[in-house]
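This report refers to the structure that appears directly beneath it.
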Amino acid sequence: MSRAEAARGARPLWTLGLLRSELFTTFRRRRTLALLGVLAAVPVLVGVAVRIETGDGTSAGGGGGPAFLSQITNNGLFLVFTALAATLPFFLPMAVGVVAGDAVAGEANAGTLRYLLVAPAGRSRLLLTKYAAVMAFCLVATLVVAVSALVTGALLFPLGDLTTISGTRISFSEGLARALLIALVVAVSLIGVAALGLFVSTLTDSGIAAMATTVGLLITVQILDQIPQLHALHPYLFSHHWLSFADLMREPVYWDDLTKNLGLQALYAAVFGSAAWARFTAKDITA
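In structure tokens, the structure reads:
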């Protein structure tokens, strides 16, 4: 076997090793663990608050709040849907924005980016690995919220068959399957933010600046999505269809907004992923 053939054969193993190393580095950071801890605490706080509020027999959600809030006391599984609805507008995307914004800029700031490129990975493969690690964080962060909510709901409220938004009755096992599907949809809904954060991360060598810029853009988009005069712009904002996951709790499922959301996330991922690749492959690495 020639040296070129050996190199080609080693590339998949190198890619897996690079991804494994990147995942290990990402999830062992104290900042990442702190973000996951905060996300896990949100469902607990919501569950305890609902439990205290309904201790005298009143129903939750009388003053408004996230979707499904009024159903938690009847079935703890609804705490999963409520927690995802509560964290998706800000907490989950903020956490993803922090991790994505630090992906490349953090390495440059620490002076390790140049050494990573010395290894036979290549800029494209390194950037793809970074993005894969951020998407893995999207999934893990969403599952942390869902599992924390499920455990809290099981401890504080009864579990059993549940009623969908359409009024039909489904079994607990089917409701659990829909909860898992909703968590996966929420995780996929964050890939646009992940690509945006990665692109911003290639523009600077300061991890803090990249994280702050990504979170700032996220807040700006959320504000724009709340201004009625900009209604023509709303369908093109990556956050506009985030809460469409609630349609998975209808019978039959409404797919219109769900497909729009997934298509929009794919578009953002393609545009900002390409922009990140174009910037990173032409960037002069000095750190």
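By my numbering, the letter at position 81 of the sequence shown is numbered 65, and the numbering carries on one by one without gaps. Backbone N, C-alpha and C define an ideal beta-carbon position, used for all residues, glycine too.
- In the structure shown, residue 234 adopts coil according to DSSP, grouped into three states.
- The beta-carbon separation of residue 70 and residue 26, rounded to 6 Å, stays under the 8 Å limit for a contact.
- Taking residue 169 as the centre and dropping the five residues before and after it, the same chain places the C-beta of 229 closer than 6 Å to its C-beta, in chain order.
- Counting along the chain, the unbroken alpha helix (DSSP H) around residue 114 starts and ends at 107 to 140.
- Residues of the same chain with a CB within less than 7 Å of the CB of residue 77, apart from the 5 flanking positions on each side, are 174, 177, 202 in chain order.
- A Cβ-Cβ distance of about 22 Å is found for the pair residue 126 and residue 194, leaving them out of contact under the 8 Å criterion.
- Inclusion of residue 123 and residue 260 in the CB contact set at 8 Å is not warranted, their separation being larger than that value.
- By the beta-carbon neighbour count (other beta carbons within 10 angstroms, threshold 16), residue 156 is exposed.
- Within the same chain, Cβ atoms closer than 7 Å to the Cβ of residue 234 are found at 148, 149, 150, the five residues on either side in sequence being excluded.
- Going by beta carbons, residue 80 and residue 121 fall inside the 8 Å limit.
- Here residue 31 really is in contact with residue 63; their C-beta atoms are around 5 Å apart, less than 8 Å.
- When the alpha-carbon of residue 184 is set against those of 5, 82, 242, the nearest one is in 82.
- Taken in chain order, the complete beta strand (DSSP E) segments of 3 or more residues contained in the stretch 180 to 226 number zero; there are none.
- Distance from the Cα of residue 58 is smallest, within the candidate group 158, 137, 20, 212, for 137.
- With respect to the C-alpha of residue 241, the residue from 258, 255, 159, 220 having the closest C-alpha is 220.
- Residue 209 is a Cβ neighbour of residue 224, given a cutoff of 8 Å.
- In the same chain as residue 166, and ignoring 5 residues on each side of it, the C-beta atoms closer than 7 Å to its own belong to 65, 68, 229, 232, in chain order.
- Residue pairing from DSSP places residue 153 in a beta bridge opposite 147.
- Annotated as proximal: residue 186 and residue 264, with beta-carbon spacing under 8 Å.
- In this structure, 118 is the residue among 118, 191, 205 with its C-alpha nearest to the C-alpha of residue 11.
- Within the same chain, Cβ atoms closer than 7 Å to the Cβ of residue 214 are found at 208, the five residues on either side in sequence being excluded.
- With distances taken between CA atoms, residue 262 lies nearest to 109 out of 109, 154, 249, 211.
- Under a 10 Å Cβ-count criterion, residue 8 is classified as exposed, with fewer than 16 other Cβ atoms of the shown protein chains found around its own Cβ.
- For residue 58, no alpha helix (DSSP H) segment is defined, and its DSSP state is neither H nor E.
- Here residue 114 is near residue 182, since their CB atoms are less than 8 Å apart.
- In the structure shown, the three-state DSSP call for residue 267 is coil.
- In the structure shown, residue 256 falls within a helical segment according to DSSP collapsed to helix, strand and coil.
- Residue 37 and residue 154 have their alpha carbons spaced roughly 27 Å apart.
- Per the C-alpha coordinates, the member of 246, 60, -1 positioned closest to residue 146 is 60.
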